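Undergrad:
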Amino acid sequence: MKGMYIMTIKMKNKGNIIKILAIMFVLVAITILSTQNTEETILTSAQGLSTKKIGWGIKRNDNHEQPDLGKSNKELIEKNNGIAMGNNSDKYIYLTFDEGYEAGYTQQILETLKNNNVKATFFMTGGWVDSYPDMVKEIYSRGHDLGNHSHNHKQMSKLSASEQKDEIMYVTDKVKELTGYDVFLFRPPYGDYNSTLINTVYGCNHYPIQWNVDSLDWRDYGVENIIKTVTNHKALGNGSIILMHNGAKYTAKALGTVIETLQSQGYTFIPISEMIIRDNFHMDGTGRQIAD
86 MKGMYIMTIK MKNKGNIIKI LAIMFVLVAI TILSTQNTEE TILTSAQGLS
136 TKKIGWGIKR NDNHEQPDLG KSNKELIEKN NGIAMGNNSD KYIYLTFDEG
186 YEAGYTQQIL ETLKNNNVKA TFFMTGGWVD SYPDMVKEIY SRGHDLGNHS
236 HNHKQMSKLS ASEQKDEIMY VTDKVKELTG YDVFLFRPPY GDYNSTLINT
286 VYGCNHYPIQ WNVDSLDWRD YGVENIIKTV TNHKALGNGS IILMHNGAKY
336 TAKALGTVIE TLQSQGYTFI PISEMIIRDN FHMDGTGRQI AD
């Protein structure tokens, strides 16, 4: 009898265990289904967006006429509100620097800008911001734009939307912490972008900024080469955005002459923040915002 009693208890326990396992299975199944639904909801916001990588490049035109962006760039920019130039009704141009690494030239660049009464836009990586917080504060205190160049300078088109957001917001949050300034301009490293990235940029309350005049200073061909490349650039004209790099070997030395030459041609330098139309605009298919 005693043996039968023990067996009965074991059988009852076994039955209870089976019931418990069944309940746990149902709970796990519900959790998995809920997670799947959540993922589907997140992905829905990116449905219909192309992840095809498009390299940034333009075709130069003669006589400083509006450059040809090429079919792929034109379609993508017009559809997704990418910005590559300012309004061409005024003789304004926009000087920008990508701050990827520090080679000891940034202070000289700032002094040259000050001496020529020019405000520029600095697109900074997270690594540069972390390494040179005092320089970030100084750039801001001098009245220049603080822009975002991603945290790790990766090819953004290869990242998921959530990874793109992390790359963008790290820099923006860090700059906010250091200066109190809300960054709202973003330039993708290498000019590498796609529809997903532009959607992510606007979702982070930023505006995507490219360029139409590349100084090619990163090639380190010398001071005169930079001056000629920029001032004689066939795409240079009203609304041009000029790309330079703070870490390039000859940029700081060439900058003064570049500014003086363009000013002598009647151009006025203003920061990109003063160019941006925040609301109620459309694109003209060349990278320019047009007010509605």
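All residue numbers for the sequence shown refer to our numbering, where the first residue is 86 and numbers rise by one. For each residue, glycine too, the CB sits at the ideal point set by N, CA and C. Quick caveat: nothing in here was measured; it's all calculated off a predicted structure.
Are there any heavy atoms of the ligand FMN lying less than 7 Å away from the beta-carbon of residue 320, as far as the coordinates show?
TA: Annotation note on the ligand FMN: not contained in the displayed structure, which lists no ligands.
Undergrad: Could you check how far apart the C-beta atoms of residue 178 and residue 327 are, in whole angstroms? I think they sit under 8 Å.
TA: Residue 178 sits at position 93 when you count from the first residue of the sequence shown. Residue 327 sits at position 242 when you count from the first residue of the sequence shown. For residue 178 against residue 327, the beta-carbon gap comes to about 6 Å, under 8 Å, which counts as contact.
Undergrad: So, residue 232 versus residue 264, is the Cβ gap smaller than 8 Å?
TA: The residue labelled residue 232 in the question sits at position 147 within the sequence shown. The residue labelled residue 264 in the question sits at position 179 within the sequence shown. Cβ distance not < 8 Å, so residue 232 and residue 264 don't count as in contact.
Undergrad: Quick check: the segment 218-235 against the segment 190-201, are there 3 or more CB pairs under 8 Å?
TA: yes
Undergrad: Name the DSSP bridge partner or partners of residue 376?
TA: Counting from one through the sequence shown, the residue named residue 376 turns up at place 291. Beta-bridge pairing links residue 376 to 366.
Undergrad: Out of 226, 203, 202, 184, state which residue places its alpha-carbon closest to the alpha-carbon of residue 211.
TA: The sequence position of residue 211 within the sequence shown is 126, counting from 1. Nearest of 226, 203, 202, 184 to residue 211, Cα basis: 184.
Undergrad: Find out if the Cβ-Cβ distance for the pair residue 259, residue 229 is shorter than 8 Å.
TA: Here residue 259 is taken as the residue at index 174 of the sequence shown, counted from 1. Here residue 229 is taken as the residue at index 144 of the sequence shown, counted from 1. No; because the gap between Cβ atoms is not below 8 Å, this pair is not in contact.
Undergrad: Is it the case that the Cβ atoms of residue 181 and residue 329 are separated by a distance below 8 Å?
TA: The count along the sequence shown starts at 1 and reaches residue 181 at position 96. The count along the sequence shown starts at 1 and reaches residue 329 at position 244. Against a cut-off of 8 Å, the Cβ pair of residue 329 and residue 181 comes out as a contact.
Undergrad: In the DSSP assignment, find the unbroken beta strand (DSSP E) run with residue 262 in it and report its ends.
TA: Your numbering for residue 262 matches position 177 in the sequence shown. Run containing residue 262: none in the beta strand (DSSP E); it sits in the alpha helix (DSSP H), 246-264.
Undergrad: Assign residue 262 to one of two classes, buried (16 or more other C-beta atoms within 10 Å of its C-beta) or exposed (fewer than that).
TA: Against the sequence shown, residue 262 aligns to sequence position 177. Exposed: under 16 other Cβ atoms inside 10 Å.
Undergrad: Quick one: measure Cβ to Cβ for residue 256 and residue 235, integer angstroms, because I've assumed they're closer than 8 Å.
TA: Locating residue 256 in the sequence shown gives position 171, counting from the first residue. Locating residue 235 in the sequence shown gives position 150, counting from the first residue. Yes, they are in contact, since the Cβ atoms of residue 256 and residue 235 sit about 7 Å apart, within 8 Å.
Undergrad: Hey, is the segment 265-279 in contact with the segment 240-247, meaning 3+ C-beta pairs nearer than 8 Å?
TA: yes
Undergrad: Nearest-angstrom Cα distance between residue 341 and residue 202?
TA: Along the sequence shown, read from residue 1 onward, the residue named residue 341 stands at position 256. Along the sequence shown, read from residue 1 onward, the residue named residue 202 stands at position 117. In a straight line, the C-alpha of residue 341 is about 11 Å away from that of residue 202.
Undergrad: Are residue 376 and residue 355 close, meaning C-beta to C-beta below 8 Å?
TA: What you label residue 376 is simply residue 291 of the sequence shown in a count that begins at 1. What you label residue 355 is simply residue 270 of the sequence shown in a count that begins at 1. Cβ distance not < 8 Å, so residue 376 and residue 355 don't count as in contact.
Undergrad: Which two residues bound the contiguous beta strand (DSSP E) that contains residue 219?
TA: Translated into positions along the sequence shown, residue 219 becomes position 134. From DSSP, residue 219 is part of no beta strand (DSSP E) but of the alpha helix (DSSP H) over 218-226.
Undergrad: When you compare only the Cα positions, how much space is there between residue 373 and residue 322?
TA: Along the sequence shown, read from residue 1 onward, the residue named residue 373 stands at position 288. Along the sequence shown, read from residue 1 onward, the residue named residue 322 stands at position 237. If I take the Cα positions, the gap works out to 13 Å.
Undergrad: Would you tell me roughly how many angstroms separate the C-alpha atoms of residue 186 and residue 301, rounded to the nearest one?
TA: By one-based count along the sequence shown, residue 186 stands at place 101. By one-based count along the sequence shown, residue 301 stands at place 216. Rounded to the nearest whole angstrom, the C-alpha separation of residue 186 and residue 301 is 16 Å.
Undergrad: Just to confirm the assignment: which complete beta strand (DSSP E) runs, minimum length 3, are found wholly within the segment 173-218?
TA: 177-184, 206-209
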